[in-house]
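Going by the working numbering, the first residue of the sequence shown is number 1, and it counts up by one from there. Each residue gets a CB set at the ideal place from its N, CA and C atoms; glycine is no exception. Have a look at the structure below before the remarks.
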Amino acid sequence: MFHLEFKGDDEFIRFALDSAAIVAMTDVQGTITFVNQKFCEISGYDRDELVGANHRILRSGIHKRPFFRRMYRKIANGDVWHGEICNRKKDGTLYWVDTTIVPHVSATGKVDGYVAIRFDITHRIQLEDALRTSRESLKTLVNVDSLTNLPNRRYFRQHVKKLAWRNEQSGGRFHVALFDIDSFKEINDSFGHTGGDFLLRTVASRLRSLIDDRVFITRLGGDEFGITLDASDDHEAFVFYEKVLESIRVPIRIDSAQRYCSASMGYTVFPQHGTDTASLLKAADLALYRAKTLGRNRCERFRPEFQTAADRRSQLLLEIAAAVKREEIRFFYQPILYPRSARAPSFEALMRWKHPRRGLIGPTDFQAVFAEPATCAALGMYMLDHVFSDMKIMIDRGISFGRVAINLTNADFRSDIFVERFFSRCVSTGISPERFCVEVTEGMFLGRYQKQVDQGLRQLHTAGVEVALDDFGTGYASLTHLQELPINRLKIDRRFVAGILTSHKDRVIVQGVIDIAHGLGKVVTAEGVETAAQAKMLLDMRCDSLQGWYFSKASDVEHLSSTMQTVGEVSRALETEECVETPGGR
């Protein structure tokens with residue numbers, strides 16, 4: 001410890017200031033007349049460089065002219081000024097000081113100089129800047145989608161809430177839309193996540209070009225986007241939303257391949273369809289669902305009946321779940337015949353619901369449940385168990401048949417459980433996989449779980465299961481699919497069969513399908529055969545097998561023996577061309 005002697009209070013005060021504060025004196029023109037050692041240390045200048053120089057030597061360029069004008073005006077009037085100033089060191093480094101400037105007033109009452117006392121606050125300013133940056137980064141993280149740099153779901157909900165409040169006060173209207181990309185799953189499966197991400201960024205870039213002060217666009221997650229439009233006119237909104245969809249339809253090049261995309265959209269109006277965020281988004285989502293069920297690549301405005309339909313779907317799902325537990329879902333078997341051949345008939349298993357009030361109803365009356373993957377997958381498992389049981393009964397009763405065809409959906413392949421359950425049931429029942437055919441539709445190869453569908457079908461096909469492409473000619477399948485996918489059989493849709501006697505075009509299509517299938521080594525089944533004349537023409541076209549009410553309605557396993565006796569008579573008559581009409585009836 002050491003002890004210092006001071007000659008007086010002035011010297012002590014000067015020492016104290018020198019130890020902690022940055023002190024400088026200037027004349028009224030700003031020329032520096034005195035600096036203490038602390039000033040030299042922080043500025044990097046020697047005392048000789050500072051004294052005699054103008055104080056502007058320290059200017060950082062951070063503060064604009066109005067800042068200095070206000071400061072000079074105050075001290076020129078003899079008032080003390082206090083504030084924070086950023087200065088520049090000799091080496092160019094910036095530093096911040098908390099500054100108090102005290103005017104020195106002469107005996108005549110005029111300001112003749114200034115004393116500036118400063119304290120280094122650079123560290124505090126740096127911490128505040130870091131905190132501010134951190135807050136901005138956090139705000140971005142919370143509110144902005146990192147892939148597309150569009151606002152995210154959280155921000156979207158806040159924005160809709162704000163718009164609802166503002167328009168409620170002003171009596172205005174605005175629109176809320178939700179849309180997703182129809183082909184996103186296909187592109188993601190074909191090109192991987194890199195291709196999917198590129199698609200999303202491209203769509204976001206196109207959307208960004210449509211943004212103005214009335215438009216707010218967000219990515220909600222996955223391939224779903226949200227839009228608000230501050231517009232009172234419905235036609236104006238529709239035109240804008242069509243413009244959005246049109247921008248997405250422009251081909252996108254991914255990995256040197258050109259891809260065509262589309263989107264489905266649903267939109268709603270405040271306050272007509274809702275006055276809060278939840279109700280508006282729910283209405284828009286129902287409109288989006290409607291756009292998808294109508295074939296996608298379109299825009300639908302919410303209508304109240306969409307909610308009614310959604311309520312019916314929800315009720316139907318509950319009823320189906322209960323029906324499965326009560327085993328009200330039954331299976332009926334329609335023969336697939338091979339006239340003019342010794343081959344044993346096959347059967348297609350058709351699902352029916354023995355409804356407690358409505359009686360026996362077909363899948364078209366409860367097809368809404370097939371849009372729900374979980375319910376659809378549960379029905380698939382239920383079907384497997386019951387079809388295996390029914391086949392065991394057929395075998396035990398000596399009913400002669402080739403295969404039993406079961407109809408599958410994408411949901412059956414969303415995991416490996418269905419295929420594993422199938423093989424497990426084959427082992428437990430002793431029924432060979434070669435006694436089965438699985439019928440799939442063209443859309444399954446382009447829809448959800450596309451890769452899983454392909455892998456699952458190949459597993460089944462390798463084990464001896466026949467694969468049939470149902471409703472051929474009505475969907476999206478191409479000849480490439482017929483070459484690349486494990487398909488054994490084509491089923492001609494009933495709408496073409498219905499017209500073969502009267503429509504030249506239908507006859508050409510049916511004959512073309514048969515010729516192509518045979519050329520590729522596949523067999524053909526014609527569905528919906530209802531008359532002897534249709535059956536005979538199809539056989540003349542060399543169609544391999546026939547199915548329809550001309551031969552028989554679908555029958556439950558209990559009545560299958562008697563059904564097959566009648567079917568046999570019709571089939572024999574057709575072989576000898578002594579045709580009879582419709583024993584199956586309608």
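For residue 373, same chain residues with a beta-carbon under 8 Å away, outside a window of 5 residues either side, are 410, 411, 414 and 448 in chain order.
Assigned with DSSP and collapsed to three states, residue 487 falls in coil, not helix or strand. Taking 4 residues as the shortest admissible run, the stretch 118-199 contains the following complete alpha helix (DSSP H) segments, listed from N- to C-terminal end: 122-143 and 153-170.
Put simply, the backbone Cα of residue 551 is about 50 Å away from that of residue 195. Per DSSP, reduced to three states, the secondary structure at residue 300 is strand.
C-alpha of residue 343 to C-alpha of residue 184: approximately 44 Å in a straight line. When C-beta atoms of the stretch 329-346 are compared with those of the stretch 375-393, three or more pairs fall below 8 Å, so the two segments count as touching.
Under DSSP, residue 470 shares a beta bridge with 441. Membership of residue 334 in the beta strand (DSSP E) is indicated by the continuous run 329-336. According to DSSP, residue 523 shares a beta bridge with 489. Distance from the CA of residue 230 to the CA of residue 240, rounded to the nearest whole angstrom, comes to 11 Å. Every unbroken stretch of the beta strand (DSSP E) spanning 3 or more residues and falling wholly within the stretch 248-334 is given here in chain order: 252-254, 257-259, 263-270 and 299-301. For residue 532 and residue 366, the gap between their C-alpha atoms comes out near 32 Å. Taking the Cα of residue 284 as reference, the smallest distance to any Cα among 472, 205 and 267 is reached at 267. Annotated three-state conformation of residue 345 is coil, per DSSP. By the CB criterion at 8 Å, residue 179 and residue 163 fall outside the cutoff. Counting the other Cβ atoms within 10 Å of the Cβ of residue 407 gives 16 or more, which makes it buried. Non-local C-beta neighbours of residue 152 in its own chain, meaning closer than 7 Å and more than five positions away in sequence, comprise 143, 144, 145, 218 and 219, ordered along the chain.
Shown here for residue 117: same chain residues with a beta carbon closer than 6 Å to its own, the five before and five after excluded, namely 21, 23 and 100 in chain order. Around the beta carbon of residue 353, 16 or more other beta carbons lie within 10 angstroms, which makes this residue buried.
An exposed status is given to residue 508, since fewer than 16 other beta-carbon atoms sit within 10 Å of its beta-carbon. Annotated three-state conformation of residue 566 is helix, per DSSP. When the beta-carbon positions are compared, residue 404 and residue 436 come within less than 8 Å of each other. Between residue 78 and residue 28, the C-beta spacing is not below 8 Å.
Taken through DSSP and simplified to helix, strand or coil, residue 86 comes out as strand.
Nearest Cα to residue 439 within the set 130, 452 and 487: 487. Three or more beta-carbon pairs separated by less than 8 Å link the stretch 62-69 to the stretch 80-98, which places the two stretches in contact. Here the C-alpha atom of residue 541 lies approximately 13 Å from the C-alpha atom of residue 340.
The alpha-carbon separation between residue 434 and residue 457 amounts to approximately 14 Å.
Under the three-state reduction of DSSP output, residue 424 falls in the helix class.
In this structure, the CA atom of residue 493 is about 6 Å from the CA atom of residue 472. Residue 113 and residue 75 have their C-alpha atoms roughly 10 Å apart.
The residue from 208, 526, 417 and 567 with its alpha-carbon nearest to that of residue 510 is 526.
According to DSSP, residue pairing for residue 113 in a beta bridge involves 104. The bridge partners DSSP lists for residue 36 come to none.
Boundaries cannot be given for residue 402, as no beta strand (DSSP E) includes it and DSSP labels it neither H nor E.
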